[in-house]
Amino acid sequence: MYLSREEEGIYQGEQGETLRRMMEILVALGDIYGAEKLVPVRSVQIAGVSYKNIGEAGLEWISDLKGQVVVPSILNPAGMDLCRWQEMGIEEEFAVKQQQTIEAYRKLGVTIDCTCTPYQIYEGLAGKGDHLAWSESSAVSYANSVIGACTNREGGPSALAAALVGKTALYGYHLDENRLPTLLVEVEADLRGSDYGALGFLVGRIVKDCVPFFRLRGLRPSPDELKALGAAMAASGSVALYYVEDVTPAPDAWQAEKICIGRKEIEEVYAKYPGSGADAVALGCPHCSAEELEKIAGLLHGKKVQKELWVCTARKIAEVHPDLVTTIEESGARVYCDTCMVVSPATERFGKMMTSSGKALVYLPGLAGVQAGLGSLEECIDVALGRR
Ligand code: F3S
-4 MYLSREEEGI YQGEQGETLR RMMEILVALG DIYGAEKLVP VRSVQIAGVS YKNIGEAGLE
56 WISDLKGQVV VPSILNPAGM DLCRWQEMGI EEEFAVKQQQ TIEAYRKLGV TIDCTCTPYQ
116 IYEGLAGKGD HLAWSESSAV SYANSVIGAC TNREGGPSAL AAALVGKTAL YGYHLDENRL
176 PTLLVEVEAD LRGSDYGALG FLVGRIVKDC VPFFRLRGLR PSPDELKALG AAMAASGSVA
236 LYYVEDVTPA PDAWQAEKIC IGRKEIEEVY AKYPGSGADA VALGCPHCSA EELEKIAGLL
296 HGKKVQKELW VCTARKIAEV HPDLVTTIEE SGARVYCDTC MVVSPATERF GKMMTSSGKA
356 LVYLPGLAGV QAGLGSLEEC IDVALGRR
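So for the sequence shown, this note's numbering puts the first residue at -4; every next one is plus one.
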């Protein structure tokens, strides 16, 4: 891979051991994937934050690094709400390790926002055509597909390397030739809300790592619905880029095979993963937007939950909408920030969680060992209120 004189100097250790190690990671990835060179990135989103996932070895690795990030860099969700971890049932030993991890990132100049929806809280992190180094799969999907930026799905170390060096290797979704649709998906059904998560769950299973182009019979999904669609496809398959006709930025000329999906197939997803028997409900995967908090608050207003209901969001969203948080919490539900139902060990005590997210449907059993059922937002709230 070509390196400029300055990059070569970093690679040789002229700017210290940390940068040398970071450049080594970027060059190794570039060599593996055949990158011609490095490209500057506008922002970085770093996975590998929950102590549940990184453990002691990860904490030591991050703590050992020196220097400062050179581009705006924020974090993925941590293993707990950084303020209300005791309420979540997190043990003190875990909390101490999690705080140490956060402090290690803070020392490197990383902004301590722990969210998988950075685009919901900062406008300046990504724009059409920007190169990024983002980690979390739903954030990657949203950046590539809805914003029209370019990012591969970075691992924690490669994202941190990009943050400290300010560059990433130019391969994969950074190149136009890898961004063409490879499958046309005709959807012959009206969709709303959680249907997009169910559709994404289904399509991800079918297409694996294709680049699907959706024709939705003129439907115009909202940003939250696009977020749900991309998140589910990234989890049940490994889709990092998709298009929706007349909604997302898309290339003009391409050809691909076609598949059709109808209402019947979407209903089969709900039928296969019922919410019956759930002992808790999880909303906010990916993290809730202000609009989603408003919907949840509207459904819970003046009512009391009978089962634990977690609503996960970014701290900045919760801070800007204290009235919505209060309404939700007056019902007995909890709005947790900085964390989520999958990366926190606190959900492992549940046997089964009901969710409206096609991504949580995959990851709750896969990564938290908790069974999951899928339903609309209204059905999830009904389960929490004991109506189902
Ligand atoms: Fe975000 Fe956690 Fe879901 S990181 S996308 S809320 S699994």
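From the three backbone atoms N, C-alpha and C, an ideal C-beta is built for every residue, glycine too. Every value quoted in this text rests on a predicted model; they were computed, and no experiment measured them.
ask   = Do you know offhand how far D68's Cα is from T106's?
value = Reading the sequence shown from its first residue, position 73 is the one you call residue 68. Reading the sequence shown from its first residue, position 111 is the one you call residue 106. Before going on, a small fix: residue 68 reads as Ser here, not Asp. Near 6 Å, if we compare the C-alpha coordinates of T106 and S68.
ask   = So what's P317 in DSSP terms, helix, strand or just coil?
value = Numbered from 1 along the sequence shown, position 322 holds the residue referred to as residue 317. Reduced to three states, the DSSP call for P317 is helix.
ask   = For D108, which of helix, strand or coil comes out of DSSP?
value = Along the sequence shown, one-based indexing puts residue 108 at 113. Strand at D108.
ask   = To which residues does DSSP link G257 through a beta bridge?
value = Counting from 1 along the sequence shown, the entry for residue 257 is found at position 262. DSSP lists E183 as partners of G257.
S339, buried or exposed, once every other Cβ within 10 Å from all chains shown has been counted against 16 = Residue mapping note: residue 339 aligns to position 344 of the sequence shown, counting from 1. Buried, because 16 or more other Cβ atoms sit within 10 Å of the Cβ of S339.
key: Residue environment, A164, which counts as buried when at least 16 other CB atoms sit within 10 Å   = One-based indexing of the sequence shown puts residue 164 at position 169. A164 is buried by the Cβ-count criterion.
key: Closest residue to L155 among D204, D274 and A99 (Cα-Cα distance)   = Looking up residue 155 in the sequence shown gives position 160. The shortest Cα separation from L155 among D204, D274 and A99 belongs to A99.
request  = Taking only heavy atoms of the ligand F3S into account, decide whether any of them is closer than 7 Å to the Cβ of V330.
outcome  = Working through the sequence shown from its first residue, we reach residue 330 at position 335. V330: no, Cβ never under 7 Å from the ligand F3S.
key: Residue span of the alpha helix (DSSP H) that contains W80, given as start and end   = For the purposes of this step, residue 80 is taken as residue 85 along the sequence shown, with counting starting at 1. Start and end: W80 to M83.
ask   = Within the present structure, is the beta-carbon of P72 separated from the nearest heavy atom of the ligand F3S by less than 7 Å?
value = Residue numbering aside, residue 72 sits at position 77 when the sequence shown is read from its first letter. Yes, the ligand F3S has a heavy atom inside 7 Å of this Cβ.
message = Considering just the uninterrupted stretch of the alpha helix (DSSP H) at Y(-3), what are its terminal residues?
response = Indexing the sequence shown from 1 puts residue -3 at position 2. Taken as a continuous stretch (DSSP letters only), Y(-3) belongs to no alpha helix (DSSP H), as it is neither H nor E.
request  = Answer with buried or exposed for G272, where buried requires no fewer than 16 other C-beta atoms within 10 angstroms of its C-beta.
outcome  = For the purposes of this step, residue 272 is taken as residue 277 along the sequence shown, with counting starting at 1. Classification for G272: exposed.
request  = Would you kindly check if the distance between the Cβ of G279 and the Cβ of V378 is under 8 Å?
outcome  = Looking up residue 378 in the sequence shown gives position 383. Looking up residue 279 in the sequence shown gives position 284. No. Outside cutoff.
query = First and last residue of the alpha helix (DSSP H) that includes M348?
reply = Here residue 348 corresponds to residue number 353 of the sequence shown, with the count starting at 1. Looking at the DSSP string, M348 is not in any alpha helix (DSSP H); the run it does join, the beta strand (DSSP E), is K347 to T350.
request  = May I ask you to verify whether the region 211 to 221 touches the region 246 to 264, counting CB pairs closer than 8 Å and requiring at least 3?
outcome  = no
task = Can you tell me the Cβ-Cβ gap for A251 and P176, rounded? I've got them flagged as a contact below 8 Å.
result = Along the sequence shown, read from residue 1 onward, the residue named residue 251 stands at position 256. Along the sequence shown, read from residue 1 onward, the residue named residue 176 stands at position 181. Their Cβ separation, rounded to whole angstroms, is 5 Å, which keeps A251 and P176 in contact under 8 Å.
inquiry  = Using C-beta distances below 7 Å, list every residue in its chain close to A292, excluding the 5 sequence neighbours before and after it, in chain order.
reply    = Looking up residue 292 in the sequence shown gives position 297. Excluding sequence neighbours, A292 sits near L319, T322 and I323.
query = How close, in whole Å, do the beta carbons of Y268 and A367 come, if the pair is a contact with beta carbons under 8 Å?
reply = Here residue 268 refers to the residue found at position 273 of the sequence shown. Here residue 367 refers to the residue found at position 372 of the sequence shown. Yes, Y268 and A367 are in contact; Cβ-Cβ is about 6 Å, under 8 Å.
request  = Use the C-beta contact count for A341: other C-beta atoms within 10 angstroms, 16 or more gives buried, fewer gives exposed.
outcome  = In the sequence shown, the residue the question calls residue 341 occupies position 346. That one is buried.
query = If you run the structure through DSSP and keep just helix, strand and coil, what is G361?
reply = As a first step, residue 361 is located in the sequence shown; it is residue number 366 there, counting from the start. The answer is helix: DSSP assigns G361 an H, G or I state.
DSSP state of T177 mapped onto helix, strand, coil = The residue you call residue 177 lines up with position 182 of the sequence shown. Coil.
message = Please list the terminal residues of the continuous alpha helix (DSSP H) segment that includes P67.
response = In the sequence shown, residue 67 corresponds to position 72, counting from 1. Counting along the chain, P67 falls outside any alpha helix (DSSP H), and DSSP gives it neither H nor E.
Bounding residues of the alpha helix (DSSP H) (the contiguous stretch that carries W384) = With the chain covering -4 to 383 only, the question about residue 384 has no answer from this structure.
query = Around the C-beta of C78, are 16 or more other C-beta atoms found within 10 angstroms, so that it is buried, or is it exposed?
reply = Position 83 of the sequence shown, counted from the first residue, corresponds to residue 78. With fewer than 16 other Cβ atoms within 10 Å, it is exposed.
ask   = What do you get for A277, buried or exposed, if any count of 16 or more other CB atoms within 10 angstroms of its CB means buried?
value = Residue 277 sits at position 282 when you count from the first residue of the sequence shown. Classification of A277: buried, given that the 10 Å Cβ count is 16 or more.
ask   = Beta carbon of S140, beta carbon of Y237: below 8 Å?
value = Residue mapping note: residue 140 aligns to position 145 of the sequence shown, counting from 1. Residue mapping note: residue 237 aligns to position 242 of the sequence shown, counting from 1. Yes. Within cutoff.
key: Per DSSP, cross-strand counterpart(s) of Q250   = For the purposes of this step, residue 250 is taken as the residue at position 255 of the sequence shown. Note: Q250 sits in no beta bridge, so no partner.
task = Kindly indicate if chain C contains any beta-carbon less than 8 Å away from that of L60.
result = No chain C is part of this structure, which consists of one protein chain only.
ask   = Since L369 and Y265 are thought to touch, with beta carbons under 8 Å apart, how far apart are those beta carbons, to the nearest angstrom?
value = Here residue 369 refers to the residue found at position 374 of the sequence shown. Here residue 265 refers to the residue found at position 270 of the sequence shown. L369 to Y265, Cβ: 6 Å. Contact.
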